[in-house]
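Okay, so here's the structure we're looking at.
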Ligand code: SF4
């Protein structure tokens, strides 16, 4: 549950941002980040639907690589 | 040095004049997953032992809370929503009764898995005539969004059955005990992102245990381990931050403020462990109208609150506290597998048993029994 996913902001409407990661779009709450002055194209780490912190594009890429590795690891049975 | 590869960090660690035996504990299921998937245990020198500690909120969610959620779902005309992991957590009920939320659903209860608190509010809005109970278990990273949801405003028919926990008090409890079981700590990355790294300073200052906050890449984890080893060797302790891209002094202040606004910190029960002081969240008076425990008081059953209430034969509590490895449990991989979990540590993606099994660490104990000092 504590794994945050980096996403890029595509549009902002109030405290809700439509964010994208690898072609998947989600509405994300910016309510916990309302002081951060977030803008379209910024990257954020999203945890259970809430942006918890801003990150650089480079950091987003690194985090995505890690996420891919973990998904490959699978959950097994 | 932050851009260095895992190989460079490993070489650096191998170059240290290491003591005979060092035990480094992590307290985050995400860390344990990265360590296991990257094979860091076998890559590191033998004298370094990596111990998964209290990093799984699902695993320690009290049995009585899960039982309460099941009974609510079965007996009231409500919709019960919970994070997906919680649906398969077993309680100690007779075989003919519902032993998990999943089984309650199979018996006709309206139980729905959600991935975000936002979905709980959405479902409540779509069903204005029905109470929606959000069974919210989680550590700070998950509880802060629940607080944010409440502060932003939720429909009148949404009630929260809160089972939020703080991570650092469990580490404090271990360190205050006679047998903490570790010599250095890798502090959690996203908990620190929200709450601020300062929460972990007591480890260094009060207990003189080296500590470093880590992110989730092998590089960041190895950097944190290297830092704690240097601290040990040079006898110079400080709380290092090996995840500066996310973890900033003070954490996410707005999130902390929202937590403070909606919730109080209280003593709380950890499944199989007992009460840990100041380790739980409770809705504060301004939000009691959304408290499921107040709306449905007859389901809170104090008689169920007893320590040691893991399913029979399950050593999950010892696994959570880093006292044994998953493969030291007699049921690991035999009676207990992800498809037929006996205990919560095999249910949750953050449970060490599940992570080890998924990561291919399936052998029974291979290492000599470690020193428990
Ligand atoms: S292997 Fe299963 S039974 Fe054993 S401690 Fe882990 S969850 Fe419990």
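Residue numbers (this note's numbering), protein chains in the order written: chain H, 1 to 77; chain Y, 1001 to 1373.
Don't be surprised by glycine CBs; every beta carbon is placed ideally from N, CA and C.
All values reported here derive from a predicted model rather than from experimental measurement.
Proximal residues to residue i (C-beta, below 6 Å), its chain only, five neighbours per side dropped
i: residue 1373/Y; result: Legend: pLDDT at residue 1373/Y = 36, less than 50; position of this residue unreliable, value from coordinates given subsequently. None.
i: residue 1183/Y; result: 1022 and 1023
i: residue 1105/Y; result: 1111
i: residue 1433/Y; result: One cannot answer for residue 1433/Y here, as it falls past the ends of chain Y, which runs 1001 to 1373.
i: residue 1163/Y; result: 1061, 1065 and 1137
i: residue 1322/Y; result: 1025, 1051, 1053 and 1181
i: residue 1241/Y; result: 1197, 1213 and 1247
i: residue 1355/Y; result: 1032, 1033 and 1036
i: residue 1029/Y; result: 1055, 1056 and 1350
i: residue 1093/Y; result: 1099
i: residue 1362/Y; result: 1333
i: residue 1038/Y; result: 1218
Contact test: residue i Cβ vs the ligand SF4 heavy atom, cutoff 7 Å
i: residue 1053/Y; result: no
i: residue 1331/Y; result: yes
i: residue 19/H; result: no
i: residue 1312/Y; result: no
i: residue 1315/Y; result: yes
i: residue 958/Y; result: Only positions 1001 to 1373 of chain Y appear in this structure, which leaves residue 958/Y out of reach.
i: residue 44/H; result: no
i: residue 1186/Y; result: no
i: residue 1374/Y; result: With chain Y covering only 1001 through 1373, there is no way to say anything about residue 1374/Y.
i: residue 1346/Y; result: yes
i: residue 1057/Y; result: no
i: residue 1322/Y; result: no
i: residue 1326/Y; result: yes
i: residue 1342/Y; result: yes
i: residue 1091/Y; result: no
i: residue 1336/Y; result: yes
i: residue 1319/Y; result: yes
Own chain residues within Cβ distance below 7 Å of residue i, not counting five before or after
i: residue 1290/Y; result: 1150, 1154, 1158, 1159, 1160 and 1283
i: residue 1020/Y; result: 1047
i: residue 1252/Y; result: 1193 and 1194
i: residue 1226/Y; result: 1009, 1012 and 1013
i: residue 1287/Y; result: 1150 and 1262
Contacting residues, own chain, Cβ-Cβ under 8 Å from residue i (five flanking each side not counted)
i: residue 1342/Y; result: 1090, 1311, 1313, 1314, 1331, 1335 and 1336
i: residue 1115/Y; result: 1083 and 1084
i: residue 1228/Y; result: 1024, 1184, 1185, 1186, 1210, 1211, 1212 and 1240
Cβ neighbour criterion (16 or more within 10 Å) applied to residue i
i: residue 1065/Y; result: buried
i: residue 1349/Y; result: buried
i: residue 1269/Y; result: buried
i: residue 1/H; result: Its pLDDT being 43, under 50, residue 1/H is placed unreliably by the model, and the measurement read from it follows with that caveat. Classification for residue 1/H: buried.
i: residue 1231/Y; result: buried
i: residue 1088/Y; result: buried
i: residue 1368/Y; result: Reliability of the predicted coordinates at residue 1368/Y is poor, the pLDDT of 44 falling under 50, and the value obtained from them is presented with this limitation in mind. So residue 1368/Y counts as exposed.
i: residue 1126/Y; result: exposed
i: residue 7/H; result: buried
i: residue 1217/Y; result: buried
i: residue 10/H; result: exposed
i: residue 40/H; result: exposed
i: residue 1143/Y; result: buried
i: residue 1371/Y; result: Annotation note: pLDDT 44 at residue 1371/Y (below 50); position unreliable, no value reported.
i: residue 1063/Y; result: buried
i: residue 1327/Y; result: buried
i: residue 1303/Y; result: exposed
i: residue 1068/Y; result: buried
i: residue 65/H; result: exposed
Cβ pair residue i, residue j closer than 8 Å
i: residue 1273/Y; j: residue 1189/Y; result: no
i: residue 32/H; j: residue 1258/Y; result: yes
i: residue 1140/Y; j: residue 1194/Y; result: yes
i: residue 1300/Y; j: residue 1133/Y; result: no
i: residue 1131/Y; j: residue 1070/Y; result: no
i: residue 21/H; j: residue 30/H; result: no
i: residue 1393/Y; j: residue 1175/Y; result: Look at the range of chain Y in this structure, 1001 to 1373, and you will see that residue 1393/Y is not part of it.
i: residue 1148/Y; j: residue 50/H; result: yes
i: residue 55/H; j: residue 1219/Y; result: no
i: residue 1316/Y; j: residue 1059/Y; result: yes
i: residue 1264/Y; j: residue 1279/Y; result: no
i: residue 1167/Y; j: residue 1319/Y; result: no
Any non-hydrogen atom of the ligand HEM closer than 7 Å to residue i Cβ
i: residue 1361/Y; result: Looking for the ligand HEM in the displayed structure turns up nothing; the ligands present are the ligand SF4.
Residue i: contacting residues in chain A (beta-carbon distance under 8 Å)
i: residue 8/H; result: The structure shown contains no chain A; its protein chains are H and Y.
Any residues in the region 1232-1255 of chain Y with a beta carbon nearer than 7 Å to a beta carbon of chain H? Which ones, in chain order? 1245, 1246, 1252, 1254 and 1255
Name the residues in the region 1150-1166 of chain Y whose C-beta lies less than 8 Å from a C-beta of chain H; which are they? 1151 and 1152
To be precise: take each residue of the region 47-58 of chain H, compare its Cβ to all Cβ atoms of chain Y, and keep it if any distance is under 8 Å. Which residues remain? 47, 48, 49, 50, 52, 53, 55 and 56
Using a Cβ-Cβ cutoff of 9 Å, what residues of the region 1185-1205 of chain Y are near chain H? List them in chain order. 1188, 1189, 1190, 1191, 1193 and 1194
Going along the region 1109-1124 of chain Y in order, which residues come within less than 7 Å of chain H, judged by CB to CB distance? 1115, 1116, 1117 and 1118
Give me the subset of the region 10-33 of chain H whose CB atoms are less than 8 Å from a CB atom of chain Y, sorted by chain position. 15, 27, 29, 31, 32 and 33
When you check each C-beta in the region 1121-1147 of chain Y against every C-beta of chain H, which residues fall closer than 7 Å? 1138, 1139, 1141, 1142, 1144 and 1145
Quick one: which residues of the region 1276-1303 of chain Y get their C-beta closer than 7 Å to a C-beta of chain H? List them in chain order. none
Going along the chain, which residues of the region 1331-1346 of chain Y sit with their C-beta nearer than 8 Å to a C-beta in chain H? 1337, 1338 and 1339
Could you run through the region 1204-1222 of chain Y and flag, in chain order, every residue whose CB is less than 7 Å away from some CB of chain H? 1216 and 1217
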